[in-house]
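Chains as they are written, first to last, in numbering that gives the first Met the number 0: chain E, 0 to 477; chain B, 0 to 308. Every residue, glycine too, gets a C-beta built ideally from N, C-alpha and C. None of these values were measured; they are calculated from a predicted model. Only one structure is covered here, and it is reproduced in the block below.
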Amino acid sequence: MRYGRIRAIVVIGVLFVVMFFLFYPMNPSNTGLFANIPLGLDIKGGSLLEYTFSGNVTQDTANQVVTILRRRLDDANYTEANVAALGNSGIRVEIPGIDNPQQAESLIGQRGELYFAQVLDTVQSSVQPAPKIGLQYAGAQWLRTSDPSAPPNTWYLVNKNIQVGAGTLQLSGSDVTNAAAAMNTSNGGWEIDLSFGTKGSQNFYQITQALVGKPLAIVLDNSVLSAPIVQQAIQGGHAQITGNFTYKQAQDLAALIRSGNLPVTLNLTEEQTIGPTLGADVIRTSIIVGLIGMAIVLAYMLVYYGPLMGMVADLALVYNAFFVLGMLALTHGILTLPGMAGIILTIGTTVDGNVIIFERIKEEMRTGKTSKAAITAGFTRSTAVILDANITTLIVAFVLYYLGTGSIKGFAVTLTIGIIGTIFTSLVFSRVLMDLIAPVVKNKYLPLTSNAGQVKPVESDQKNTTSNNKNKKGGNQR
Amino acid sequence: MRKMINFVGPRYIFIGISLAAIALSIVFILVKGFNFGVDFAGGTMITASFNKPDLSIAEVRNIFSKADPAFTNASIIKLTSMTGNGTNTKKSLFDLTVKQFYNASARAKLNADVQGVASKQGLQTNFESFETVSGYAAAGLRQSAIWASIIVMILLLIYIAIRYRFVFGVGALASLAHDLIITAGLFSMFWITFDSTAIAALLTLLGYSLNDTVVVYSRIRENLKKMHGKPIDEIVNVSINETLSRTINTSLTTFIVVFTLFLFASSVLRPFAFGMSFGIITGTYSSIYIASPLLIGWLGRRKKALAKR
């Protein structure tokens with residue numbers, strides 16, 4: 000009896016915890032029935048992008064890339080974006096709620112390598128001009144411009160080592176302390192305001208001093224953003240990139256410059272985008288399928304095991320369904336479409352647990368035990384089998400979790416939670432209910448009803464005749 | 000006493016049927032191969048919606064191949080139409096698969112071109128889902144699927160080895176191989192997309208099938224002690240019968256839910272639901288007709304050897 004009470008308390012306690020995490024409004028902005036369960040991209044819609052690094056990359060560099068991209072996406076208002084390193088071979092970016100990833104992709108795919116350069120020559124050409132020979136051209140390269148205000152097909156011969164007096168100076172994105180989009184007050188449109196640190200300001204002053212009357216190119220990812228003519232030496236460490244940008248372009252470029260340049264080039268290898276409409280449609284059908292399947296199974300169990308035991312099995316199913324959903328909310332396990340399939344499969348495993356126990360109880364009844372003794376024996380004897388049977392599926396779930404990709408991981412998560420829930424509901428929840436209804440359950444296999452007293456039912460196994468009245472007087476003998 | 004069904008009597012017939020099914024499956028897998036999904040083969044799969052419910056596959060192919068010739072040979076499937084968010088307009092849905100990889104700008108161009116061609120015919124279209132996998136990424140995904148399968152099998156083998164005597168291990172293994180090969184064969188036969196979710200289904204299936212076998216084997220072990228002195232085939236047959244209602248009830252209920260999933264679920268879950276539905280059938284069959292009867296020969300021989308000593 001004491002164990003019975005502990006079991007009952009545990010069952011109610013777990014139910015309380017699960018219901019709390021499932022229904023307590025954790026996030027006030029997110030309302031809805033199961034708002035606490037985080038949904039995967041394949042359900043709520045969004046984009047998944049995978050990139051590989053070109054060349055070999057250390058783990059540190061990979062982590063650096065992740066940090067930079069997080070900052071970039073955050074800056075560009077993709078606040079829900081999730082960036083993760085795939086070992087040291089690549090990265091995965093997940094952005095929920097967008098159905099055209101082109102803009103995000105251009106943001107991720109760019110190195111963000113910014114530098115200022117001296118312009119040695121300017122040419123209009125549809126093909127890349129031939130390299131110039133001469134000592135003064137060493138280290139210089141032809142770059143195209145993306146500035147719409149410049150004549151089309153303009154090429155600049157630029158050198159990032161800027162001649163200042165007898166030596167050279169460099170000024171790059173790492174000298175920039177801040178970048179922001181700002182209104183261009185003179186020409187209209189949007190520009191990017193840059194601020195330099197102490198050393199950067201000094202260099203910028205010297206460079207502008209040396210280049211008065213000459214163009215200074217601002218180069219981002221091997222493309223000349225603009226090449227304004229320096230009017231005078233600039234003090235104070237501020238510069239503007241004007242290039243007739245739209246607000247969004249200026250903002251994204253500012254984010255790109257602020258976040259610093261990527262140490263490697265990224266190549267897109269995989270993209271998966273799901274529109275929000277399709278996701279909603281799919282989850283609706285999945286829920287309907289789950290409910291239909293569950294209804295058939297509930298009815299089947301009632302018919303096969305009769306109203307009493309059938310009801311126990313049905314309640315166990317409902318209990319486990321809430322257990323799985325509540326655990327998903329508690330562990331922040333992301334629910335994906337294959338994850339839905341995992342939950343639907345849980346219906347099968349829960350039924351399995353109860354069926355194993357019920358069949359065992361029936362068998363124990365056939366040996367002539369009272370229903371109470373048969374229930375106790377039935378649970379004791381099926382514990383090992385239930386654990387055994389679920390371990391195999393658990394092994395599979397673990398491997399899928401560690402080796403599967405995104406949505407398959409979601410399947411492994413719900414499968415694992417479902418199996419743990421099955422073991423718990425079968426061995427603890429059903430036990431509480433069966434103990435509760437034990438006095439009402441009739442052993443139809445006994446030749447006469449047990450209260451007639453003509454046939455003394457065997458209380459327990461032949462082997463355990465010494466503990467004959469164990470089940471009558473409770474667990475004090477243990 | 001309860002009625003006993005004689006499962007082990009005609010065991011050679013069932014073993015024969017299974018061997019034939021395995022042979023057929025292997026032929027299908029080797030000759031016809033698998034309909035690999037884009038995640039394993041590389042390429043692009045688009046789910047496109049059109050605002051005309053009775054659009055035919057040929058019309059969709061026409062629209063797409065005008066926009067991009069790569070779609071002339073695309074594989075196109077019509078899905079159950081969906082109702083848009085908040086509106087009552089029915090939209091037809093199509094899955095299109097091609098071998099090409101599209102990066103962001105290529106994708107944007109394709110989207111614009113398809114919409115352009117469609118609007119000339121008075122149609123509105125939208126890419127509801129877009130999945131593109133480069134050959135490089137596909138190779139990686141294939142590799143991790145292969146690793147997952149190998150590791151699952153090794154772990155299950157270790158589990159069986161710890162839990163059972165050698166004979167039982169061989170029997171369990173034979174029935175696992177049986178289920179795996181036949182279900183994979185069905186994927187090839189019915190040309191169902193073979194992707195990551197199909198692998199997940201096959202591996203889960205291994206767990207389930209082993210679970211069925213474990214329950215019957217536990218009973219056989221128990222009965223070997225309890226029914227000491229009885230002939231082996233009788234012990235095995237009694238054990239199968241005793242666990243029969245459990246096997247049937249469990250398999251039937253699980254089958255009901257995954258089959259409902261197969262009938263109504265979206266294309267994403269179809270390979271999974273297909274694998275599970277038919278896997279449960281072969282798994283149940285093999286644990287009754289294959290795994291246990293296989294034991295009879297071995298256990299019988301052992302017994303004779305013991306008697307001689």
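query, result
"Under 8 Å by beta carbon: chain D residues contacting Val350 (chain E)", "Of the chains in the structure shown, none is chain D; the protein chains are E and B."
"Cβ-Cβ distance between Asn236 (chain B) and Val30 (chain B) below 9 Å", "no"
"Selection of the segment 255-274 of chain E by Cβ proximity to chain B, strictly under 7 Å", "Leu267, Thr268, Glu269, Glu270, Gln271, Thr272, Ile273 and Gly274"
"Neighbourhood of Ile239 (chain B) by C-beta, 7 Å cutoff - its chain only, sequence neighbours within 5 removed", "Phe6, Val215, Ile287 and Ser291"
"C-alpha distance - Gly289 (chain E) paired with Val256 (chain B), whole-angstrom precision", "7 Å"
"Length of the line joining the Cα atoms of Asn450 (chain E) and Lys441 (chain E)", "Caution applies to Asn450 (chain E), whose pLDDT of 48 falls short of 50 and renders its modelled position unreliable; the value that the coordinates give is listed next. Asn450 (chain E) and Lys441 (chain E): Cα-Cα distance of roughly 11 Å."
"3-residue-minimum beta strand (DSSP E) runs that sit fully inside the segment 41-111 of chain B, ordered along the chain", "42-49, 74-82 and 89-97"
"First and last residue of the uninterrupted alpha helix (DSSP H) at Asp120 (chain E)", "Note, Asp120 (chain E): premise wrong, no alpha helix (DSSP H); beta strand (DSSP E) at Leu113 to Gln123."
"Those residues which DSSP pairs with Thr153 (chain E) across a bridge", "E:Gln123"
"Euclidean distance between Cα positions of Thr264 (chain E) and Val427 (chain E)", "55 Å"
"Interfacial residues, the segment 55-70 of chain B to chain E, with Cβ spacing under 8 Å", "none"
"Segment limits, alpha helix (DSSP H) that includes Tyr318 (chain E)", "Pro275 to Thr330"
"CB contact flag (Glu112 (chain E), Gly172 (chain E), <9 Å)", "yes"
"Beta-carbon gap between Pro95 (chain E) and Gly44 (chain E) smaller than 9 Å", "yes"
"Alpha-carbon to alpha-carbon, Asp192 (chain E) and Asn76 (chain E)", "19 Å"
"Residue closest to Asn61 (chain B), alpha-carbon to alpha-carbon, out of B:Leu293, B:Gly115 and B:Arg218", "B:Gly115"
"Whole-angstrom distance between Val132 (chain B) and Met3 (chain B), CA atom to CA atom", "55 Å"
"Start-end ranges of the beta strand (DSSP E) lying completely within the segment 214-286 of chain B, minimum 3 residues", "none"
"Endpoints, the alpha helix (DSSP H) within which Val340 (chain E) is located", "The amino acid at residue 340 (chain E) is misidentified as Val; the sequence shows Ala. First-last of the alpha helix (DSSP H) with Ala340 (chain E): Leu336 to Arg365."
"Closer than 9 Å to chain B by CB, Pro227 (chain E)", "no"
"Nearest-angstrom Cα separation, counted from Glu49 (chain E) out to Glu79 (chain E)", "17 Å"
"Neighbour flag for Met81 (chain B) against chain E, beta carbons, 9 Å", "yes"
"Local conformation of Ala180 (chain E) per DSSP, three classes", "strand"
"8 Å Cβ cut-off: residues of chain E touching Ser195 (chain B)", "Gly403, Thr404, Ser406 and Ile407"
"Supposed contact pair Ser406 (chain E) and Asn536 (chain E) - C-beta distance, whole angstroms, cut 8 Å", "Absent from the model: residue 536 (chain E). The displayed extent of chain E is 0 to 477, so no value can be given."
"Trp190 (chain B): first and last residue of the uninterrupted beta strand (DSSP E) it sits in", "It is not in any beta strand (DSSP E) - Trp190 (chain B) carries neither H nor E in the DSSP assignment."
"Where Gly89 (chain E) falls: helix, strand or coil (DSSP)", "strand"
"Residue burial classification, Trp154 (chain E) (beta-carbon count within 10 angstroms, cutoff 16)", "buried"
"Neighbouring residues, chain B, relative to Glu104 (chain E) (Cβ below 7 Å)", "Ala103"
"beta-carbon Tyr216 (chain B) near the ligand GDP non-hydrogen atom, thresh 8 Å", "The ligand content of the structure shown is nil, which means the ligand GDP is not present either."
"Presumed contact (8 Å Cβ cut-off) between Val479 (chain E) and Tyr114 (chain E), rounded CB distance", "For residue 479 (chain E) there is no data in the structure shown, the boundaries of chain E being 0 and 477."
"Integer Cβ distance of Ser258 (chain E) from Gly242 (chain E), believed to fall under 8 Å", "With a Cβ gap of about 19 Å, Ser258 (chain E) and Gly242 (chain E) do not count as contacting."
"CB of Pro20 (chain E) within 9 Å of CB of Ala328 (chain E), strictly", "First, the residue type needs correcting, since residue 20 (chain E) is Phe and not Pro in the sequence shown. Their beta carbons are under 9 Å apart, which means Phe20 (chain E) touches Ala328 (chain E) by this criterion."
"Helix, strand or coil at Ile36 (chain E) according to DSSP, with G and I counted as helix", "coil"
"Length of the line joining the Cα atoms of Ile239 (chain E) and Asn266 (chain E)", "The residue you asked about is not Ile; residue 239 (chain E) is Gln in the sequence shown. For Gln239 (chain E) and Asn266 (chain E), the distance between alpha carbons rounds to 31 Å."
"Interface flag, Gly309 (chain E) vs chain B, CB-CB below 9 Å", "no"
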